[in-house]
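K.L.:
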Amino acid sequence: MDRAKTTGAMSEADLAQVLSQVRAGDADAWGELYRRYAPAMFRFCRRVLPAREDAEDATTEIFMRVRQKLGTYDASRPFTAWLYKVASNHCWDTLRRRRIRQDLETGDLDTLPLEHPDPDQLERLQNEHTSKEVRAGLAKLPDRARMALVLRYYADMSYDEIADTLGVRRAFVGVLLLRARHQLREALGGSEAGLAAKATGGRKT
Amino acid sequence: MSSSDDPLARHFDEVTGLLYLEGQLDEEHTREVSAHLSVCAPCKQLLHALEKESVWLRESLQAEDEAIPARLIAPPQRGAAHWGWMIAFGLCAAGLYTVWNGFVEPSYERASQAGFSQGNVLTMLFFTGAFWKGWDQMRSVTELLAVATLGGVAIWLLRKQWRRFTAIAFVMGALVCALTLAPVVRAADVQRGAPSYTLPAGQEVKTDLIVIADRARIDGDVDGDLIVFSEYITVSGHVKGDIIGFGQELRVNGPVDGNVRVLCQTLSLNSTVGKNVMGWAGVAEMTEKATVGGTMTEIVGAAELDGKLGGDLLIFAGNLEMNGSIGGNAKIRADQLRIGPDGEIKGETKFEGRHQPVVESGAKLGSPIQVTIPKTGPDYSRVTYYWHRVLLWGASFLFGLLVLLLAPGFFVDAESAAKRIGPAIGFGVLFFIATPIAVVIACFTIVGLSVGIATLLFYAIAIYAAKVFVAAWIGEKLLGPSSGVGPAIGRLALGLAIIRALLIVPYAGFWIGFLVIAWGMGAIVLALYRRMGPQLAHAT
Chain A
5 MDRAKTTGAM SEADLAQVLS QVRAGDADAW GELYRRYAPA MFRFCRRVLP
55 AREDAEDATT EIFMRVRQKL GTYDASRPFT AWLYKVASNH CWDTLRRRRI
105 RQDLETGDLD TLPLEHPDPD QLERLQNEHT SKEVRAGLAK LPDRARMALV
155 LRYYADMSYD EIADTLGVRR AFVGVLLLRA RHQLREALGG SEAGLAAKAT
205 GGRKT
Chain B
8 MSSSDDPLAR HFDEVTGLLY LEGQLDEEHT REVSAHLSVC APCKQLLHAL
58 EKESVWLRES LQAEDEAIPA RLIAPPQRGA AHWGWMIAFG LCAAGLYTVW
108 NGFVEPSYER ASQAGFSQGN VLTMLFFTGA FWKGWDQMRS VTELLAVATL
158 GGVAIWLLRK QWRRFTAIAF VMGALVCALT LAPVVRAADV QRGAPSYTLP
208 AGQEVKTDLI VIADRARIDG DVDGDLIVFS EYITVSGHVK GDIIGFGQEL
258 RVNGPVDGNV RVLCQTLSLN STVGKNVMGW AGVAEMTEKA TVGGTMTEIV
308 GAAELDGKLG GDLLIFAGNL EMNGSIGGNA KIRADQLRIG PDGEIKGETK
358 FEGRHQPVVE SGAKLGSPIQ VTIPKTGPDY SRVTYYWHRV LLWGASFLFG
408 LLVLLLAPGF FVDAESAAKR IGPAIGFGVL FFIATPIAVV IACFTIVGLS
458 VGIATLLFYA IAIYAAKVFV AAWIGEKLLG PSSGVGPAIG RLALGLAIIR
508 ALLIVPYAGF WIGFLVIAWG MGAIVLALYR RMGPQLAHAT
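Each protein sequence line maps, in turn, to chains A and B. When you number the first sequence by our numbering, it's gap-free, plus one each residue, and the end is 209. When you number the second sequence by our numbering, it's gap-free, plus one each residue, and the end is 547.
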C-alpha cells in the first residue's frame with residue numbers, strides 16, 4: 005500500500021527530525037510538517053465531509069489535534085497511518101455529532117444483492133465515469149459507506165484500522181466495503197438490476 | 008455457497024472475492040478460492056472486474072484534484088487567537104464604556120443643563136426620532152455596543168453549529184433585532200405617492216404619517232409624526248408630532264408642535280415649531296415669521312436666521328447671517344458670521360471661525376461675543392507638539408503589535424496585499440469614499456441601522472489600522488524581507504516612525520496621510536476579500 009502517494013514523500017530520517025523539532029516547539033518545523041501533509045489531509049476531509057467548508061474547518065482542527073497529541077505518536081508506526089487515524093477519528097466524530105448518519109449499525113450479507121455483478125457492465129461503468137464523477141457519487145453515499153471507501157482506497161487503511169475507526173467488527177469491514185461499492189455503482193447510475201449478471205446465469209450463492 | 012460438495016465446483020460470493028483480492032481470507036479459504044479460480048472462468052472474470060474496480064476507486068479517490076485553499080496555507084496556531092480577539096474586543100468595549108461614563112456622559116449632561124439637550128447629532132438622528140421610539144431605552148451607544156459584543160460572542164460560540172454562515176447570521180441577527188423593535192413604533196399610515204402625494208387641507212391623519220413620493224404637499228393636519236422622503240416637501244398643515252424629512256427642499260409653513268429634524272438641500276422655516284429644530288442642510292433659512300420654542304442645532308452650508316429662537320443655538324455653518332433673536336446661548340462655528348442690526352442674543356455668544364465676526368451697530372448681545380480664531384496648522388516651535396507625535400507613534404505601534412501578535416495570518420496577508428500598490432490604493436480610495444455613503448444609506452433604511460453602525464465602527468478601525476500595514480511594507484522595503492515575529496516588530500516600528508515623520512511635513516503631510524490611509528485600507532480590504540473569498544491558491 006502506498007500512503008506516500010497521497011501525502012507526498014518525506015524520508016524517514018527527515019520526518020523523525022522534523023517531528024522531534026515540532027515536539028520541541030519549533031514553529032518552522034511545524035510549518036514544514038503542515039505544508040507536507042495538509043494538502044493530503046484536506047483532500048481526505050473533502051472526500052469524507054461533503055461540504056467544502058466542513059472540510060476546511062476539519063483540516064485545521066485535525067492539525068490542531070495533531071499538534072496536541074504528537075506526544076502520543078509511536079515512532080515505530082508509520083506517521084501517515086497515525087495521521088490518517090487522527091483525521092478519520094475526527095471526521096467520524098464530526099459526522100456522528102451531526103446525527104445525520106442514516107445507515108444502520110447492524111447489517112449483514114442479507115442486504116447485499118445475491119447475484120454477481122455483470123463484469124462487462126461494471127467495466128462500462130468504470131469507463132464512463134471520470135474521477136470527478138466518482139467523487140461526486142461518493143458524496144451521495146451514506147456516511148459510513150463513504151467513510152469506509154475513503155479509509156480503504158484513499159488512506160490505505162487496514163481492515164483492523166477501519167474496524168477500529170468505525171466501531172464495527174473486523175469481519176464486517178468486507179461487507180461494509182462491498183455494500184459501499186454497490187451503493188456507489190448505484191449512485192453513478194448503474195442500477196443494481198442492470199449490473200446483475202446475466203452471463204453467469206444469476207448464480208445463487 | 009453452492010450446494011455442491013466439491014470445493015472446486017463451488018462458486019464463491021462477491022464478498023469472498025473481495026476479501027480474497029484484498030488478502031483478508033485465512034489460508035484455507037484462500038487455497039479453496041485459488042483452486043476454484045483455476046477451473047472457473049466466470050469467477051475469474053468477476054475477480055478481475057472487482058480488481059479493476061479497486062484500481063479505479065483508488066485512482067479516482069487519490070487524484071490530486073484540488074489544491075489546498077488559501078486560508079489553509081498557513082499552519083494553524085494554538086487556539087488563542089479567537090479568545091485574544093474576544094478579550095481585546097471586550098476590553099475595547101469596556102474602555103469605551105469608561106470613556107463614555109467618565110467623559111462623554113458628564114459633558115452631555117452639562118450640555119443638557121445648558122440647554123443643548125439635543126447636542127449629540129447621532130443620538131438625535133437615530134435614537135430619539137419617531138422611527139426609533141423603541142430605542143429610547145437603549146439611548147446610550149455604549150449599551151448598544153455591549154449588546155453587539157454579547158451578540159458577537161454568542162454568534163462566535165454558535166458558529167460551529169451554524170457552520171460558516173457567520174456573516175449571514177450577523178445580518179439576520181440585525182434583521183431580527185430591527186423587526187422585534189419595529190412593533191414598538193406606533194402604527195403609521197404609509198403613503199406612496201404616484202408620483203406625488205397631497206394631503207388636502209381640512210383632512211386630518213390620526214396617526215403617524217409616512218410619505219414616500221416625488222413631491223409631497225401636506226395641507227391637512229397630522230395628529231402624530233410626519234415622516235417624509237420626497238424631493239420637494241411643503242408642509243402647510245398642522246403637525247402635532249415631529250417632522251422628519253429627507254429631501255431636496257423642505258418648506259415648513261404650518262405649525263409644528265414637536266421637533267423638526269431634516270436632512271435636505273434647502274430648509275425653509277416660516278412657522279412656529281414647538282420644540283427643537285435639527286437640520287443638516289445646504290441652505291437653511293428661518294424667516295422673520297418663524298418661531299422655534301426650543302433649541303436649534305444645524306450643520307449647514309449657508310444659513311440665514313431671521314426668526315425667533317426660544318432656546319440655544321448650536322450651529323456649524325460656512326456662512327451665517329443672523330437678524331433674529333435668540334433666547335438662550337449661541338455656540339457658533341462658522342467661516343463667517345454677520346449679526347445684523349435687528350439681531351439679538353440674550354445669553355452668551357461663542358464664536359469660532361477663521362474670520363472676525365461682523366456685528367452691526369443695532370445688534371443686542373447679552374454679553375460680549377467670545378471669539379476664537381483657531382490657528383491653522385500645528386505649532387512647530389513647541390516641544391509638546393513633537394512629544395505628541397511620539398505618543399501617537401506609540402499608540403499606533405501598540406495597535407500594530409496587537410494585530411501582529413493576535414492575527415499574524417491576517418497581518419501577513421494585509422502586508423502582502425499592500426505590496427500590490429496599484430490595486431491596494433485603488434480599492435482603498437474606493438472604499439474610503441464609498442463606505443460612508445453606504446453607511447448613510449444603510450442607516451436611513453429601517454433595517455440597516457445596526458449594520459450601518461457596525462460598518463462605521465469597522466471603517467473607523469480600518470482607517471486607524473491602515474498605516475500599520477503600509478508601515479510594515481516600508482519597514483520591509485528598507486530592511487529587507489524577514490520571517491518571524493521579532494524582525495516584523497522592528498520593521499513595523501521603523502515604518503511607523505517614518506510615516507509619523509512624513510505626516511509632520513506641512514501641506515504634503517495631509518496628502519501623505521490620505522495616501523497612507525487609502526493604501527492601507529485597500530490592503531485590508533484585499534486581505535479580507537482573499538480570506539473570505541472561496542478562491543483557490545496553488546499548493547506549494
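Yeah, the Cβ is synthetic: ideal placement off N, Cα and C, and Gly gets one too.
My output table needs one value for R427 (chain B): the three-state DSSP class, helix, strand or coil.
P.N.:
coil
K.L.:
Assess contact between the stretch 393–403 of chain B and the stretch 500–514 of chain B, defined as three or more Cβ pairs (one per stretch) separated by less than 8 Å. Is contact present?
P.N.:
yes
K.L.:
Interface residues of chain E around W480 (chain B) at Cβ under 9 Å?
P.N.:
Here the protein chains are A and B, and chain E is not one of them.
K.L.:
Just by C-beta distance, which residues in the stretch 212–241 of chain B are closer than 7 Å to chain A?
P.N.:
Cβ contacts with chain A come from no residue of the stretch 212–241 of chain B.
K.L.:
Can you tell me whether G429 (chain B) is buried or exposed? The criterion is at least 16 other CB atoms within 10 Å of its CB, across all chains shown.
P.N.:
exposed
K.L.:
Under 8 Å by Cβ, that's how I've got G178 (chain A) and L25 (chain B) pegged, so tell me the actual separation to the nearest angstrom.
P.N.:
In this structure G178 (chain A) touches L25 (chain B) by the C-beta definition: roughly 6 Å separates them, less than 8 Å.
K.L.:
For T294 (chain B), does the three-state DSSP call read helix, strand or coil?
P.N.:
If DSSP states are grouped into helix, strand and coil, T294 (chain B) belongs with coil.
K.L.:
For I468 (chain B), count neighbouring C-beta atoms within 10 Å of its own C-beta (all shown protein chains included) and say buried if the count is 16 or more, exposed if not.
P.N.:
It is exposed - the Cβ of I468 (chain B) has fewer than 16 other Cβ atoms within 10 Å.
K.L.:
Can you tell me which of B:G459, B:V242, B:G300, B:W518 puts its alpha carbon nearest to the alpha carbon of G334 (chain B)?
P.N.:
A check of alpha carbon separations from G334 (chain B) across B:G459, B:V242, B:G300, B:W518 identifies B:G300 as the nearest.
K.L.:
Is there contact here, the stretch 73–87 of chain A with the stretch 141–155 of chain A, by at least three beta-carbon pairs under 8 Å?
P.N.:
no
K.L.:
According to the Cβ coordinates, are N266 (chain B) and S243 (chain B) closer than 8 Å?
P.N.:
no
K.L.:
Would DSSP call F620 (chain B) helix, strand or coil?
P.N.:
The question about residue 620 (chain B) has no answer, for chain B in this structure spans 8 to 547.
K.L.:
Please determine, among A:A91, A:D124, A:A17, A:R81, the residue with the shortest C-alpha to C-alpha distance to L53 (chain B).
P.N.:
A:D124
K.L.:
Along the chain, where does the beta strand (DSSP E) that runs through V256 (chain B) open and close?
P.N.:
Reading off the sequence shown, one finds Glu at residue 256 (chain B), where the question assumed Val. Taken as a continuous stretch (DSSP letters only), the beta strand (DSSP E) holding E256 (chain B) covers 250–259.
K.L.:
Could one say the Cβ of V512 (chain B) lies closer than 8 Å to chain A's Cβ atoms, at least one of them?
P.N.:
No, V512 (chain B) lies away from the interface with chain A (no Cβ there is under 8 Å from its Cβ).
K.L.:
If you follow the alpha helix (DSSP H) that G24 (chain B) is part of, which residue opens it and which one closes it?
P.N.:
From DSSP, the alpha helix (DSSP H) with G24 (chain B) extends over 21–28.
K.L.:
List, in order along the chain, the chain B residues whose C-beta lies closer than 9 Å to that of P54 (chain A)?
P.N.:
Result: empty, since nearest Cβ-Cβ is about 12 Å, beyond 9 Å.
K.L.:
Rounded to whole angstroms, what is the Cα-Cα separation between E190 (chain A) and T134 (chain A)?
P.N.:
15 Å
K.L.:
Measure from the C-beta of V26 (chain A) to each C-beta in chain B and report whether the shortest distance is under 8 Å.
P.N.:
no
K.L.:
Quick one: residues in its chain with C-beta nearer than 6 Å to the C-beta of A478 (chain B), no 5 flanking neighbours on either side, listed in chain order?
P.N.:
L499, G502, L503, I506
K.L.:
So, is the C-beta of S457 (chain B) closer than 8 Å to a C-beta in chain A?
P.N.:
no
K.L.:
Mind listing which residues of the stretch 400–418 of chain B have their C-beta closer than 8 Å to chain A's C-betas, in chain order?
P.N.:
none
K.L.:
Where does T391 (chain B) land, buried or exposed, given buried means 16+ other C-beta within 10 angstroms?
P.N.:
exposed
K.L.:
For A121 (chain A), does the count of other Cβ atoms within 10 angstroms reach 16, so buried, or fall short, so exposed?
P.N.:
Sequence inspection shows Pro at residue 121 (chain A); the Ala mentioned does not correspond to that position. Counting Cβ neighbours within 10 Å, P121 (chain A) comes out buried, since at least 16 surround it.
K.L.:
By Cβ distance below 6 Å, which residues in the same chain neighbour T273 (chain B) in space, the five residues on each side in sequence not counted?
P.N.:
The answer, listed in chain order, is E256, V290.
K.L.:
For C50 (chain B), report the span of its alpha helix (DSSP H) as first-last.
P.N.:
48–69
K.L.:
Just checking my contact of C50 (chain B) with L57 (chain B) at CB under 8 Å: how many whole Å lie between their CB atoms?
P.N.:
Contact doesn't hold; Cβ gap of about 10 Å is too wide.
K.L.:
Could you work out which residues of chain B lie near T63 (chain A), taking near to mean beta carbons separated by less than 7 Å?
P.N.:
L79
K.L.:
Only counting the same chain, and skipping five residues up and downstream in sequence, which positions put a Cβ closer than 8 Å to that of L522 (chain B)?
P.N.:
I432
K.L.:
Less than 6 Å between C-beta atoms, sequence neighbours within five positions excluded: which residues of the same chain meet that for W526 (chain B)?
P.N.:
A431, I432, G435, V477
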